[in-house]
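These protein sequence lines are chains E and C, in that order.
Straight run, no breaks: the first sequence in this note's numbering ends on number 377.
Straight run, no breaks: the second sequence in this note's numbering ends on number 261.
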Amino acid sequence: MAGTFASQTGPVTQDELHAYADDLLPVGRIAAVETHLRDHPADAQRVADWRFINAALLRHADAAVMETSPFAMADMLEPRSEGRWRAIAASALWLGIGIGAGALGQQLAFRPDAAMRVAQETQGAYAVFSPEVLHPVEVGADEADHLSDWLGKRLGRPIPIPSLNDLGFALVGGRLMVADGAPAAMMMYENASGGRLLLYVAGNSDPDATSPMTFRRLEDSGIVTWIRDGTAYGVGGSFSETELMPAAQSIRAQFAV
Amino acid sequence: MFRSRERLIAEIPHLRRYARVLVRGEQDADDLVQACLERALRKFHLWQSDRKLRPWLFSIMHNIHIDRTRTFAHRRIALSIDDVAEPSQMANQEDRAEVSTVLAAVDRLPSDLREVLVLVAVRELSYAEAAETLGIPVGTLMSRLNRARERLRSSLGMEGSRPELRQVK
């Protein structure tokens with residue numbers, strides 16, 4: 121492993137292109153790879169195609185967790201066959217975890233993974249606030265510094281207000297939201313044709329939680345989510361993966377500073 | 093031991109994600125998860141707690157899958173076309189079509205390339221953990237990953253087409 125990704129300088133390697141596509145690239149090399157991709161359109165195309173393939177497999181894998189009934193999940197811990205070993209193994213499991221297992225199984229089925237929850241929260245916020253004409257935000261772009269201080273104080277972590285001007289999105293403003301009974305932040309951006317993009321930020325209960333950048337489509341929205349050091353991020357809007365991903369990458373980089 | 097079993101249960105959603113890209117058909121995928129859990133319970137005393145649980149469980153599932161694939165090959169059981177690529181229930185038609193096309197192309201890859209690609213694609217493990225799961229060096233993993241992806245680009249007609257349209261900005 122060390123030999124493959126240890127280098128912090130020098131030319132971008134093919135392995136690093138894969139790591140970039142899989143969101144496994146060390147943060148320190150993201151800028152170098154992105155520069156390389158700008159200068160090498162053929163490589164940029166390859167990475168975009170790899171991400172497209174990844175997204176299809178991910179959607180298939182995620183659907184497995186989303187669609188299953190809680191009962192099917194709990195049943196998985198029960199023996200199906202008459203095999204003695206299987207019966208012993210299953211009863212050992214039941215003894216070990218007690219009758220709470222059924223409830224736990226249900227919980228797991230209803231609460232997919234943290235990244236999927238962030239995607240759902242982001243999609244919900246987008247559906248509620250993006251059509252809003254009169255009051256899409258509580259604090260407008262003209263008070264961006266105040267917005268950053270306020271949200272940062274409520275979420276208990278620094279909340280910079282990322283600029284997406286380079287990508288054609290101007291800040292509309294932001295608001296405080298509620299997620300799982302805790303404060304969360306929402307920022308809204310708008311492009312020249314009125315298309316709105318939403319950034320959702322929430323604290324995660326597990327401070328060590330991390331999750332790679334992942335694109336999903338929920339309802340009619342595209343959503344990119346990632347979790348870093350216990351903070352969960354969602355970027356959503358009525359955009360394709362190729363339109364959303366650069367915004368998400370830029371936001372991630374601006375939060376990393 | 094109590095906590096270990098709790099941890100095992102917490103891994104179920106992750107095992108199910110991996111199972112769904114390894115085999116086609118919901119029933120087969122869930123059978124694979126169940127077989128993996130059963131074997132993991134039997135072998136739990138062999139698991140060293142300084143090793144991460146997920147790569148250990150994934151390697152058990154991978155090995156069961158390999159055993160089963162071999163058995164099937166010997167018995168020459170033909171898969172019906174319905175079993176080959178069955179995308180799960182998804183929000184819209186477009187998604188389903190896209191996923192079916194990719195899954196079908198993935199299933200035509202040689203098994204050594206396919207196993208690397210699907211394991212990396214579910215995003216549960218680092219490259220080092222994925223290599224450990226499959227019992228191969230990281231360098232081998234990376235070169236197989238590259239070959240798998242380039243073959244897919246070719247079989248999905250991505251090579252050379254739409255050079256400007258889908259470019260990353």
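The C-beta atom is built at its ideal place from N, Cα and C for all residues, glycine as well.
The model shown is predicted, which means the values in this text are computed figures rather than measured ones.
| message | Cβ closer than 7 Å: which chain E residues qualify as neighbours of Asn155(C)? | response | Residues of chain E passing the Cβ test: none, with the nearest at roughly 17 Å.
| Exposed or buried, which one is Asp135(E) when buried takes at least 16 other CB atoms within 10 Å? | buried
| Roughly how many angstroms lie between the CA atoms of Gly276(E) and Arg372(E), to the nearest whole one? | 18 Å
| task | May I ask which residues mark the beginning and end of the alpha helix (DSSP H) holding Ile104(C)? | result | Ile104 to Leu114
| request: Report the option in Thr129(E), Tyr309(E) and Ala139(E) whose CA atom is closest to the CA atom of Leu233(C). | output: Ala139(E)
| field | Interface flag, Glu224(C) vs chain E, CB-CB below 8 Å | value | no
| field | Within-8 Å CB hit, Val208(C) to chain E | value | no
| Same chain, Cβ closer than 7 Å to Leu237(C), neighbours up to 5 away in sequence not counted | Val208, Leu209 and Val212
| said: Beta-carbon within less than 7 Å of Thr351(E)'s beta-carbon, same chain only, minus the 5 sequence neighbours each way: which residues are those? | reply: Arg277, Val321, Gly323 and Asn324
| field | Residues of the segment 264–293 of chain E whose Cβ lies closer than 9 Å to any Cβ of chain C, in chain order | value | Leu287
| said: Run through chain C and tell me which residues come within less than 7 Å of Asn174(E), C-beta to C-beta. | reply: Ala213
| query | To which residues does DSSP link Arg295(E) through a beta bridge? | reply | Met306(E)
| Do the CB positions of Ala304(E) and Met297(E) come within less than 8 Å of each other? | yes
| Partner residues on chain E for Ser218(C), Cβ-Cβ distance less than 7 Å | Leu144
| message | Please report the straight-line C-alpha distance between His156(E) and Arg131(C), rounded to a whole angstrom. | response | 46 Å
| query | Do the segment 188–200 of chain C and the segment 117–126 of chain C touch if we need at least three Cβ pairs shorter than 8 Å? | reply | no
| query | Skipping 5 residues on each side, what residues in its chain have a beta carbon closer than 7 Å to that of Ala312(E)? | reply | Gly288
| query | If you count every other CB in all the chains shown that lies within 10 Å of the CB of Ser203(C), and 16 or more means buried, which is it? | reply | exposed
| query | Opposite Leu318(E) in the DSSP bridges: which residues? | reply | Met308(E) and Gly356(E)
| Cutoff 7 Å; reference Ser247(C); Cβ partners in own chain excluding five residues on either side | Ala197 and Arg200
| said: Within 10 Å of its beta-carbon, does Val248(E) have 16 or more other beta-carbons around it, so buried, or fewer, so exposed? | reply: exposed
| Between Asn155(C) and His106(C), what straight-line distance do the alpha-carbon atoms span, to the nearest angstrom? | 17 Å
| request: Compare the C-beta of Trp170(E) with all C-beta atoms of chain C and state if any pair is closer than 8 Å. | output: yes
| According to DSSP, residues forming a beta bridge with Phe289(E) | Leu284(E)
| task | Drop a sphere of 10 angstroms on the beta-carbon of Glu264(C), count the other beta-carbons inside from all chains shown, and report buried for 16 or more, exposed for fewer. | result | This structure does not reach residue 264(C), given that chain C is present from 93 up to 261, and the question cannot be answered.
| said: Quick check on the burial criterion: 16 or more other C-beta atoms within 10 angstroms. Buried or exposed for Ile158(C)? | reply: exposed
| task | Spatial neighbours of Pro282(E) within its chain, please: CB distance less than 6 Å, with the 5 preceding and 5 following residues excluded, ordered by chain position. | result | Ile371 and Gln374
| query | Leu201(C) touches chain E at which residues, Cβ-Cβ below 8 Å? | reply | What Leu201(C) touches in chain E: nothing, since even the nearest Cβ is about 11 Å away.
| request: Could you name the residues of the segment 111–123 of chain C whose beta carbon sits closer than 8 Å to any beta carbon of chain E, in the order they occur along the chain? | output: Ala111, Arg112, Val113, Glu118, Ala121 and Asp122
| request: Pick helix, strand or coil for Trp346(E), following the three-state DSSP scheme. | output: strand
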